[in-house]
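Below is one structure, written out as structure tokens, with a few remarks after it.
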Amino acid sequence: MKLYNTLTRYKEDFKPIEEGKVKMYACGPTVYNYFHLGNARPFVTFDTLARYLEYRGYDVTFVQNFTDIDDKMINRANEEGITVEQLADRFIKEYYVDADGLNIKRQTFQPRATQSMKAIIGLIKAMEANGYTYIIEGDGVYYDVSKKADYGKLSHYKLDELEAGGGERKASYEGKKNPGDFAVWKFKKEGEPSWGSPWGEGRPGWHIECSAMIKQYLGDTIDIHGGGQDLIFPHHENEIAQSEAANGCTFCNYFVHNAFVNIDGEKMSKSLGNFFTIRDIVKKYPYNVIRFFILLGHYRSPINFSDELLAAAQTSLGRISNCVRNANFVLSNGNLAGDAEADNVLEDAIKAAGDSFIAHMDDDLNSADAITDIFNLVRQVNSSAQEAKVSAAMLTAARDKILELTGVLGILLDLEEAIPEEITELANKRAEAKKAKDYALADQIRDEIQAKGYAVKDVPGGFKIEKAN
RNA sequence: GGUACCAUAGCCAAGUGGUAAGGCAUGGGUCUGCAAAACCCUGAUCCCCAGUUCAAAUCUGGGUGGUACCUCCA
């Protein structure tokens, strides 16, 4: 598989450190609020990457953290008059509601920063022992970026350029040796939660938790590190700096970054206030549509968000669900011929879709093209099911292939649900009315069924009932 | 000021040297009492200019337009 590596800015063949095994980490949410569509994109992207690697036979250890201590957490907790811990507990619970809805698999480990203090302190100690840190009295323990020769290798920023540029930027240089230096440990301020450390009471800096949790759960060198493009600098750059300073070896081989979700061509972000939480969107569009929508574009291309685009995605996804439902209906009702030639055509389509799906996903996780492969199979399945010349076994295999491939992408389909007896009876009455050519009555009953939230549709040999959306 | 990315049909979106996937929408058709679904048909000289090449949406140079990062941000 090829992955675009931010470190080198090339698509590279993915080679894990240990054959057959993948160690990957993705930056998780800061749990002070519901997460929005922009936040959801990396969750879905890296969940899909993990699912795909597993599909290809890798044994994947995947860590995604919860950031449960930082300025935003403290401020929000104060506003609400609760502790930071209570706030975190609440929004971790809420995270799971949306994450489960989006069919994001639970990662192997989901550590919380506040529960990783030993690892954090251990990492700072190691950096200190190696001479990378210094203390600013009354402020915190800082990392000295000038001590690391290759600082900037991820973002490809040069230290002197960082200093020179920025326009509006007002960096606080006070006490720092270099403008790019950053706190790894912040000394306690009044009213803030704190933990004991060799340097005094305080709390971890922003970047240190990821470095520490990675070391604790995955080791000194990992295969893949993921996150949004805005984390390239400074967050991931500083993670590299810290971990390599402490561990003395390469931190991570492949950095993978997703592009943003835009609204009217502008980045969706909390500071611009143009964001939509998943919780809000799901009132109108189901979770599986949201996930499908995210995967409809390549992860390194920006995607635009709008109501119309979600609506189109919903119709589009419905096409796949319809196909599987149709296949199921035909399998349970139809008498399929089992014509060898028809089977061959469908078999070819199954194979082509499967092979092409893998080729596309192997090419830097091109889910957009992979979905196209599913649609191409869908068309053939619809045709085959309609003609009813294929064998039940082949149609079943085709249907299962669709389920398999959508499953790799974590896309859940809307399949049969139990139909209440009352509805079935009404549908039977309508069928009788139709037989008696009393179409007025038939249509009236259909409306009645519609009003109860179901749709009855005539198909060759009878009718079928579906839940209306 | 520095650093990246992007510009493909009405809309969304792949393709990144050999004369343009897929989805949504539109129009026509098949099927149907009607409808739904499905199937078939329908649509792009790939932002502009110049260059390289037998061959460019795809490479190079120059424009124009847009976005992001350099500060909390996925």
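Heads up: the first sequence begins at -3 in our numbering, then just goes up one per residue.
C-beta: ideal position from N, C-alpha, C; glycine also.
Taking DSSP's pairing of strands, which residues face residue i in a bridge?
i: residue 199; result: 182
i: residue 300; result: 258
i: residue 62; result: 108
i: residue 253; result: 223
i: residue 139; result: 129, 178
i: residue 458; result: 455
i: residue 56; result: 18
i: residue 263; result: 258
i: residue 463; result: 450
i: residue 26; result: 63
With H, G and I counted as helix, E and B as strand and the rest as coil, what does DSSP make of residue i?
i: residue 108; result: strand
i: residue 124; result: helix
i: residue 166; result: Caution applies to residue 166, whose pLDDT of 44 falls short of 50 and renders its modelled position unreliable; the model cannot decide the point.
i: residue 350; result: helix
i: residue 290; result: helix
i: residue 394; result: helix
i: residue 217; result: coil
i: residue 2; result: coil
i: residue 285; result: helix
i: residue 21; result: strand
i: residue 434; result: coil
i: residue 467; result: Residue coverage of the chain in this structure runs from -3 to 465, which leaves residue 467 outside it and unanswerable.
i: residue 8; result: strand
i: residue 420; result: helix
i: residue 273; result: strand
i: residue 248; result: strand
i: residue 359; result: strand
i: residue 155; result: helix
Looking only at its own chain, which residues have a Cβ that is under 6 Å from the Cβ of residue i, when we skip the five neighbours before and after it?
i: residue 258; result: 298, 300
i: residue 97; result: 283
i: residue 490; result: The structure shown does not extend to residue 490, since the chain spans only -3 to 465, so no value can be given for it.
i: residue 415; result: 461
Give a yes or no on whether the C-beta atoms belonging to residue i and residue j are separated by under 9 Å.
i: residue 99; j: residue 287; result: yes
i: residue 361; j: residue 294; result: yes
i: residue 281; j: residue 306; result: yes
i: residue 142; j: residue 150; result: no
i: residue 25; j: residue 62; result: yes
i: residue 377; j: residue 323; result: yes
i: residue 219; j: residue 249; result: yes
i: residue 110; j: residue 65; result: yes
i: residue 38; j: residue 201; result: no
i: residue 204; j: residue 247; result: no
i: residue 198; j: residue 182; result: yes
i: residue 453; j: residue 419; result: no
i: residue 410; j: residue 460; result: no
i: residue 290; j: residue 36; result: yes
i: residue 245; j: residue 273; result: no
i: residue 128; j: residue 242; result: yes
i: residue 404; j: residue 44; result: yes
i: residue 423; j: residue 445; result: yes
i: residue 268; j: residue 20; result: no
Please list, in chain order, all residues of the same chain as residue i whose beta carbon is under 7 Å from its beta carbon, the five residues on each side excluded.
i: residue 148; result: 154, 155, 233
i: residue 49; result: 18, 56
i: residue 90; result: 30
i: residue 190; result: 184, 197, 198, 199
i: residue 270; result: 259, 262, 264
For the alpha helix (DSSP H) containing residue i, name the first residue and the last one.
i: residue 34; result: 33 to 51
i: residue 68; result: 67 to 76
i: residue 87; result: 80 to 97
i: residue 239; result: 233 to 243
Starting from the C-beta of residue i, find all residues in its chain whose C-beta is less than 8 Å away, skip the five residues before and the five after it, and write them out in chain order.
i: residue 106; result: 24, 59, 60, 61, 62
i: residue 296; result: 0, 253, 254, 255, 360
i: residue 336; result: none
i: residue 435; result: 429
i: residue 161; result: Any reading at residue 161 must be qualified, since the residue scores a pLDDT of 47, below 50, and its modelled position is unreliable; the value itself is stated next. Excluding positions up to five away in sequence, the list is empty.
i: residue 391; result: 323, 326, 327, 332, 342, 377, 380, 381
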